[in-house]
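Q: Have a look at the structure that comes next, please.
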Amino acid sequence: MPIEYIALMIPFAGMAIGVFAIWTNHQQKMMDKQAKISAEKAAQYAVGNNELEQRVRVLERIVTDKGFDVSMQIEDLRETSETKELN
20 MPIEYIALMI
30 PFAGMAIGVF
40 AIWTNHQQKM
50 MDKQAKISAE
60 KAAQYAVGNN
70 ELEQRVRVLE
80 RIVTDKGFDV
90 SMQIEDLRET
100 SETKELN
């Protein structure tokens with residue numbers, strides 16, 4: 020390989036290292052943004068899960084309450100919804 024080719028390859032190698040550094044920096048920023056988005060989604064799911072857990076707790080209390088007549092409550096709800104539909 021002639022010396023002229025080597026002399027031409029040195030600047031190209033420097034540019035390639037620069038391009039590689041820019042690319043890795045860009046990849047790092049993209050990973051940081053993706054992590055932030057994932058954290059936000061996880062927080063939203065946590066809020067949704069808390070709401071669902073609270074609703075399930077209420078339903079469990081209703082079902083397990085010994086003095087609670089479920090069928091009577093269902094009938095009351097049906098009667099209330101029927102009266103609302105008539106009005």
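To convert a position in the sequence shown, counted from 1, into the numbering used here, add 19.
Heads up, the beta-carbon is just placed ideally off N, CA and C, and yes, glycines get one too.
Can you give the Cα-Cα distance for residue 33 and residue 58, rounded to whole angstroms?
A: Between residue 33 and residue 58, the C-alpha separation is close to 38 Å.
Q: Once DSSP output is grouped into helix, strand and coil, what is the label at residue 51?
A: Here residue 51 sits in helix by DSSP.
Q: For residue 73 and residue 96, what's the separation of their Cα atoms in angstroms?
A: Distance between the alpha carbons of residue 73 and residue 96: 21 Å.
Q: DSSP three-state call for residue 30: helix, strand or coil?
A: In the structure shown, residue 30 sits in a helix (DSSP, three-state: H, G or I).
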